[in-house]
Amino acid sequence: LGSLLSGSPAVLQPVWQISFDLLQMWVLVLLVLAVVRRRWELVRDLGAVIATAAVVAAVAGRLSLGDWPGLLAGLGPANDPIDFPSLALAAGAGAVAVSAPYLARPLRHLGRWLVGLGWLAGIALDVLGPGDAIGALAVGWAAAAFVHLIAGSPGGQPSLKEVREELRAIGIEAEPRTIETAAGVAH
Numbered sequence: 087l088g089s090l091l092s093g094s095p096a097v098l099q100p101v102w103q104i105s106f107d108l109l110q111m112w113v114l115v116l117l118v119l120a121v122v123r124r125r126w127e128l129v130r131d132l133g134a135v136i137a138t139a140a141v142v143a144a145v146a147g148r149l150s151l152g153d154w155p156g157l158l159a160g161l162g163p164a165n166d167p168i169d170f171p172s173l174a175l176a177a178g179a180g181a182v183a184v185s186a187p188y189l190a191r192p193l194r195h196l197g198r199w200l201v202g203l204g205w206l207a208g209i210a211l212d213v214l215g216p217g218d219a220i221g222a223l224a225v226g227w228a229a230a231a232f233v234h235l236i237a238g239s240p241g242g243q244p245s246l247k248e249v250r251e252e253l254r255a256i257g258i259e260a261e262p263r264t265i266e267t268a269a270g271v272a273h
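Throughout, our numbering is defined as the position within the sequence shown, counted from one, plus 86.
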């Protein structure tokens, strides 16, 4: 796969470069949108996943290379080979995974596509080997799972009390009733 992608025509190099950069820009877009929309839990989770990915990437790089990796050298345009693991790819994968429960389906899909394209682009630009790229994804996804485990995830159903409070906030009075569920389906 690595030789196939790195042997792609030179005309595709700008496409791969943009694909690698788009993942990093998406992380910034997610962070800016979270701040603008005052989604402080998402801001916290994004900061935590980037910090966790950086620590895990540094430790993984130290264990695999025997020296501390130059993580910051891998941020920005992918011009030179990146030390294992790529912080740009790990933080991008982690940010997409940790923000997924907060986003609408089209944005979740866009983020996942950008992670896939960033992975392929890193290999095609010959800055990451396939194994290095998979390792970076694993670091990012593990960091996101850790953040969700520690901080919780907004996924799931709201309680009846939360629904009543939200309805009251828009001027609708409602009384909670019990809801029976079987296999995740309300009856």
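C-beta: ideal position from N, C-alpha, C; glycine also.
Values in this document were obtained by computation on a predicted structure and should not be read as measured data.
key: Status (buried if at least 16 other CB within 10 Å, exposed otherwise) for residue 226   = Here residue 226 is taken as the residue at index 140 of the sequence shown, counted from 1. The Cβ neighbour count for residue 226, taken over all protein chains shown within 10 Å, is at least 16; the residue is labelled buried.
ask   = Beta carbon of residue 116, beta carbon of residue 181: below 7 Å?
value = By 1-based counting over the sequence shown, the position of residue 116 is 30. By 1-based counting over the sequence shown, the position of residue 181 is 95. Closer than 7 Å, so yes.
query = Could you give the C-beta distance for residue 179 and residue 223, rounded to a whole number, given that I count them as a contact under 8 Å?
reply = For the purposes of this step, residue 179 is taken as the residue at position 93 of the sequence shown. For the purposes of this step, residue 223 is taken as the residue at position 137 of the sequence shown. Contact check for residue 179 and residue 223: beta-carbon distance about 5 Å, within the 8 Å limit, so the pair qualifies.
query = With a CB to CB cut of under 7 Å and the five nearest residues on each side skipped, what residues in its chain are close to residue 233?
reply = Here residue 233 corresponds to residue number 147 of the sequence shown, with the count starting at 1. Correct list, in chain order: 131, 134, 135, 138, 184.
request  = Look at the alpha carbon of residue 229 and the alpha carbon of residue 142, and state the distance between them as a whole number of angstroms.
outcome  = Within the sequence shown, the letter at position 143 stands for residue 229. Within the sequence shown, the letter at position 56 stands for residue 142. Between residue 229 and residue 142, the C-alpha separation is close to 8 Å.
query = Would you say residue 214 and residue 172 are within 7 Å of each other, going by their C-beta atoms?
reply = Position 128 of the sequence shown holds residue 214. Position 86 of the sequence shown holds residue 172. Yes.
key: Beta-carbon gap between residue 112 and residue 211 smaller than 7 Å   = Taking the sequence shown and counting its residues from 1, one reaches residue 112 at position 26. Taking the sequence shown and counting its residues from 1, one reaches residue 211 at position 125. Against a cut-off of 7 Å, the Cβ pair of residue 211 and residue 112 comes out as no contact.
task = State buried or exposed for residue 149, treating a residue as buried only when at least 16 other CB atoms are found within 10 Å of its CB.
result = By 1-based counting over the sequence shown, the position of residue 149 is 63. By the 10 Å Cβ count, residue 149 comes out exposed.
inquiry  = Buried or exposed, going by whether 16 or more other CB atoms sit within 10 Å of the CB of residue 218?
reply    = The residue labelled residue 218 in the question sits at position 132 within the sequence shown. So residue 218 ends up on the buried side.
ask   = Span of the alpha helix (DSSP H) holding residue 187?
value = Here the question's residue 187 lines up with position 101 in the sequence shown. DSSP places residue 187 in no alpha helix (DSSP H); its state is neither H nor E.
query = Just checking my contact of residue 175 with residue 205 at CB under 8 Å: how many whole Å lie between their CB atoms?
reply = Here residue 175 refers to the residue found at position 89 when the sequence shown is read from its first residue. Here residue 205 refers to the residue found at position 119 when the sequence shown is read from its first residue. Indeed, because the Cβ distance is near 7 Å, the residues count as touching under 8 Å.
message = Can you check which of these residues, 255, 123, 197, 258, is closest to residue 109 by C-alpha distance?
response = Numbered from 1 along the sequence shown, position 23 holds the residue referred to as residue 109. For the residues 255, 123, 197, 258, the minimum Cα distance to residue 109 belongs to 197.
key: Which listed residue (188, 203, 220) has its alpha carbon closest to that of residue 105   = For the purposes of this step, residue 105 is identified with residue 19 of the sequence shown, where counting begins at 1. Here the closest residue by C-alpha is 203.
message = Can you tell me where the alpha helix (DSSP H) holding residue 217 begins and where it ends?
response = Residue 217 sits at position 131 when you count from the first residue of the sequence shown. Its alpha helix (DSSP H) spans residues 216 to 237.
message = So, at 8 Å on beta carbons, what are the nonlocal neighbours of residue 239 in its own chain, with the 5 sequence-adjacent residues on each side left out?
response = Reading the sequence shown from its first residue, position 153 is the one you call residue 239. So the qualifying residues of the chain are 187.
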